[in-house]
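Trainee:
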Amino acid sequence: MIFSTYSFVFIYLPLVLLLYFGMARYVSRRFQQIFLIVASLIFYGAIFFQGFEHLWYIALIMSSVIVNYSVAIGVQNIARPPTRKIVFTIGVIFNVVLLGYYKYSNFFLENINYAFDTQFVIKHIMLPIGISFFTFQQIAFLISVLKREEKVPNFWDYTLFIVFFPQLVAGPIVFLKDVLHQYLDEENRFFNAKNFSAGLFIFVIGLFKKAVIADTLDNFVFYSYLSPEKLGFATSWLTALSYSFQIYFDFSGYSDMAIGLAKMMNINLPVNFYSPYKSVSITEFWKRWHITLGRSLAVLIYYPLGGNRKGLARTCFNLFAVFFVSGIWHGASWTFIVWGIAHGVVRIFERLFMKYLEKIPNLIRIFFTFMFVNAAWVLFRSPTFDIALTVLKNMFAPESFSFSGIAHMAYNTSITYPDSMAVIYVLAILSILTTLVFLYPKNSIDKYNEFKPTVKNAMVIALLFTVSVIHFSRVGAFIYFNF
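Last residue of the sequence shown: 496 (this note's numbering), numbering continuous.
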């Protein structure tokens with residue numbers, strides 16, 4: 014059960030909202046809060062439920078919550094700094110080991126086997142969805158407690174801060190200071206028509222992004238990457254562009270839905286995307302793309318290493334470390350690591366030469382920034398270096414400039430397109446999306462901030478919702494669920 018499914022939209026969400034607001038006048042804030050925690054854990058368990066053995070992952074996340082809460086209490090209450098740092102370090106090690114076991118143990122063993130010709134057995138370990146997100150969130154909280162920036166809240170407030178279902182599995186990565194005051198506000202317990210309608214508006218926009226746009230593009234990308242050797246120059250570029258738009262609409266769509274769901278319950282989550290492909294530099298790109306991850310990496314990696322306070326060379330090293338960790342965070346694969354390193358190298362280049370780069374017209378800078386991001390996404394999407402190199406070679410050093418493979422790219426289980434129609438079909442969709450992404454002046458967050466409950470907006474919500482629901486039958490999992 015994910016946001017863009019019949020079971021979530023027509024069963025889970027209405028029930029949770031009705032019960033949550035329906036009980037508000039008859040029970041305490043704490044009871045409401047516990048209800049929301051239980052509802053969030055049910056949602057988490059239902060995402061990957063394939064048998065009762067997978068309910069272990071509910072126990073896993075609650076164990077993580079309890080351990081981190083206990084560590085935070087210790088860090089807060091211990092007076093002696095050396096002892097406090099030891100307890101903090103134990104908490105960080107717990108989180109790193111937990112994440113490392115589930116996400117990176119097989120990757121580590123595969124590389125050991127390859128490097129030393131060993132035969133360590135590689136077991137299938139199911140990755141708990143959202144573990145990278147809630148692990149980062151909890152380490153960042155421990156840091157804030159260690160630095161005396163935040164106090165440890167009540168256990169139930171802390172638990173809701175971690176497991177709140179709109180942001181649990183793929184962000185935004187929330188800091189306690191973002192939401193605690195909202196949990197404590199008595200007015201937020203009760204239904205608010207204005208907040209609900211605004212939340213519904215941005216939720217439906219996100220739903221449309223995911224169900225209609227991202228999953229249409231997934232059709233292009235999936236079949237292209239199955240047989241990349243069949244792609245020519247044009248189709249390799251179209252495949253790369255399709256994925257650049259797919260991952261943007263998929264993840265920003267999820268973030269919009271998360272913001273909308275929380276808003277329906279009177280909670281404001283931080284913005285995670287703000288027109289990243291309009292960026293004039295990689296520096297700006299990372300201020301617009303997955304904004305809360307960048308903020309978390311700054312707290313977890315950049316600032317502890319010294320930030321920009323210890324000279325240019327150290328600043329460059331710290332930036333490289335941030336992007337190296339970003340690559341590893343995204344996935345246990347060398348393609349992800351190289352993707353992160355590539356972004357880090359360009360980010361350092363901009364840090365060194367920004368005063369010269371700023372003299373270049375913005376349109377040119379936007380073009381080259383997007384071209385780099387687009388090429389780097391090939392590494393991100395490719396399961397192996399061989400596939401990535403095949404696509405990149407076709408893009409930048411082609412043997413021919415044909416549209417070979419275009420019908421394969423536009424393959425559909427119910428429709429087989431001749432080459433001429435496939436070219437028109439793919440180009441038309443990408444042209445529309447290019448216009449929306451680069452030329453349309455306002456993004457979904459701008460529209461959300463300006464939202465008013467008018468008849469026009471009600472019609473927009475109804476139309477987008479109807480079209481989205483029609484596409485539910487082919488909806489796939491969100492890309493960032495893998496991270």
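Cβ atoms here follow ideal geometry from the backbone N, Cα and C, with glycine treated the same way.
Leaving out five residues on either side along the sequence, give the residues of the same chain with a beta carbon under 6 Å from the beta carbon of Gly97.
Mentor: Checking the sequence shown, residue 97 turns out to be Arg, not Gly. So the qualifying residues of the chain are Val88, Ile91.
Trainee: Mind checking which residues open and close the alpha helix (DSSP H) that includes Pro179?
Mentor: From DSSP, the alpha helix (DSSP H) with Pro179 extends over 178-181.
Trainee: Using the C-alpha atoms, what's the distance from Ile314 back to Ala334?
Mentor: The straight-line gap from Cα to Cα measures roughly 7 Å.
Trainee: Going along the chain, which residues of its own chain have a beta-carbon closer than 6 Å to the beta-carbon of Ala52, five neighbours each way excluded?
Mentor: Hits under 6 Å: Val29.
Trainee: Looking at the unbroken alpha helix (DSSP H) that takes in Ser249, where does it start and where does it end?
Mentor: Unbroken alpha helix (DSSP H) run through Ser249: 246-277.
Trainee: Rounded to the nearest angstrom, how far is the Cβ of Ile71 from that of Tyr57, given a contact under 8 Å?
Mentor: That belief holds up - the Cβ atoms of Ile71 and Tyr57 are roughly 6 Å apart, short of 8 Å.
Trainee: What's the gap between the Cα of Phe336 and the Cα of Ile354?
Mentor: Spanning the two alpha carbons is a distance of roughly 6 Å.
Trainee: May I ask you to verify whether the region 462-470 touches the region 205-225, counting CB pairs closer than 8 Å and requiring at least 3?
Mentor: With the cut-off at 8 Å, the region 462-470 and the region 205-225 touch.
Trainee: Are the CB atoms of Gly357 and Leu332 nearer to each other than 8 Å?
Mentor: In this structure, Leu332 lies closer than 8 Å to Gly357 by Cβ.
Trainee: Which class does Tyr369 belong to by DSSP, given the choice of helix, strand or coil?
Mentor: Residue state, collapsed to three classes: helix.
Trainee: What is the DSSP secondary structure of Thr229, reduced to helix, strand or coil?
Mentor: Of the three classes helix, strand and coil, the one that applies to Thr229 here is helix, per DSSP.
Trainee: Give me the Cβ distance between Leu112 and Ile144, rounded to the nearest whole Å; I'm assuming they're in contact under 8 Å.
Mentor: Leu112 to Ile144, Cβ: 6 Å. Contact.
Trainee: Using the Cβ count rule (16 or more neighbours within 10 Å means buried), how would you classify Leu244?
Mentor: By the neighbour-count rule (16 or more Cβ atoms within 10 Å), Leu244 is buried.
Trainee: Leaving out five residues on either side along the sequence, give the residues of the same chain with a beta carbon under 6 Å from the beta carbon of Asn328.
Mentor: Residue identity differs from the one stated: residue 328 is Thr in this sequence, not Asn. So the list reads Asn321, once near-sequence residues are dropped.
Trainee: Considering Cα atoms alone, identify which of Met278, Ile103, Val293 is closest to Ile1.
Mentor: Outside the displayed range of the chain (14 to 496) lies residue 1, so it cannot be described from this structure.
Trainee: First and last residue of the alpha helix (DSSP H) that includes His303?
Mentor: Where His303 is concerned, there is no enclosing alpha helix (DSSP H), given that its DSSP letter is neither H nor E.
Trainee: Taking CB distances under 8 Å as the criterion, tell me whether Lys222 reaches chain B.
Mentor: Protein chains in the displayed structure number just one, and chain B is not present.
Trainee: Looking only at its own chain, which residues have a Cβ that is under 7 Å from the Cβ of Thr131, when we skip the five neighbours before and after it?
Mentor: Within the same chain, Thr131 has close Cβ partners Ile125.
Trainee: Taking its Cβ as the centre, do 16 or more other Cβ atoms sit within 10 Å of Glu163, making it buried, or is it exposed?
Mentor: Buried is the call here.
Trainee: So within the region 56-117, which uninterrupted alpha helix (DSSP H) runs reach at least 4 residues, ignoring any that extend past its ends?
Mentor: Correct list: 69-90.
Trainee: Tell me whether the beta-carbon of Leu230 lies closer than 8 Å to the beta-carbon of Phe258.
Mentor: Yes, these two residues count as a Cβ contact at 8 Å.
Trainee: Could you pull the start and end residues of the alpha helix (DSSP H) that Asn281 belongs to?
Mentor: First-last for Asn281: undefined, no H or E at that position.
Trainee: Taking only runs that begin and end inside the region 290-351, name each unbroken alpha helix (DSSP H) of 4 or more residues, in chain order.
Mentor: As far as the region 290-351 is concerned, its whole alpha helix (DSSP H) runs of at least 4 residues are 295-301, 304-310, 325-343.
Trainee: Do Phe154 and Leu189 have their CB atoms nearer than 8 Å?
Mentor: Result yes, Cβ atoms of Phe154 and Leu189 sit closer than 8 Å.
Trainee: Leaving aside the five residues before and after Glu123 along the sequence, list all residues of the same chain whose C-beta is less than 8 Å from its C-beta, in chain order.
Mentor: The residues are Ile135.
Trainee: Apply the 10 Å Cβ neighbour rule to Thr403 and answer buried if 16 or more other Cβ atoms are within range, or exposed otherwise.
Mentor: Per the 10 Å Cβ criterion, buried.
Trainee: What do you reckon, are the CB atoms on Tyr461 and Phe214 nearer than 8 Å?
Mentor: Against a cut-off of 8 Å, the Cβ pair of Phe214 and Tyr461 comes out as a contact.
Trainee: Please determine, among Leu251, Arg38, Pro179, the residue with the shortest C-alpha to C-alpha distance to Met408.
Mentor: Selected option, being the one with the closest Cα: Leu251.
Trainee: Going by the CB atoms, is the gap between Val450 and Arg378 shorter than 8 Å?
Mentor: No. Outside cutoff.
Trainee: Following the continuous alpha helix (DSSP H) through Trp472, name the residue where it begins and the one where it ends.
Mentor: Sequence check: residue 472 is Met here, not Trp. Met472 -> alpha helix (DSSP H) spans 468-483.
Trainee: With contact counted as at least three CB pairs below 8 Å, one residue from each stretch, are the region 273-290 and the region 177-184 in contact?
Mentor: The region 273-290 vs the region 177-184: in contact.
Trainee: Straight-line CA distance for Leu193 to Arg308?
Mentor: Whole-angstrom Cα-Cα distance: 18 Å.
Trainee: Rounded to whole angstroms, what's the CA-CA distance from Tyr171 to Val165? Just pull it up for me.
Mentor: Cα to Cα, Tyr171 sits roughly 8 Å from Val165.
Trainee: Could you please give the first and the last residue of the uninterrupted alpha helix (DSSP H) stretch that includes Asp191?
Mentor: That run of the alpha helix (DSSP H) goes 189-197.
Trainee: Apply the 10 Å Cβ neighbour rule to Asp228 and answer buried if 16 or more other Cβ atoms are within range, or exposed otherwise.
Mentor: Result: buried.
Trainee: Which residues in the same chain have their Cβ closer than 8 Å to the Cβ of Ile79, if we skip the five residues on either side of it in sequence?
Mentor: Correct list: empty, nothing qualifies.
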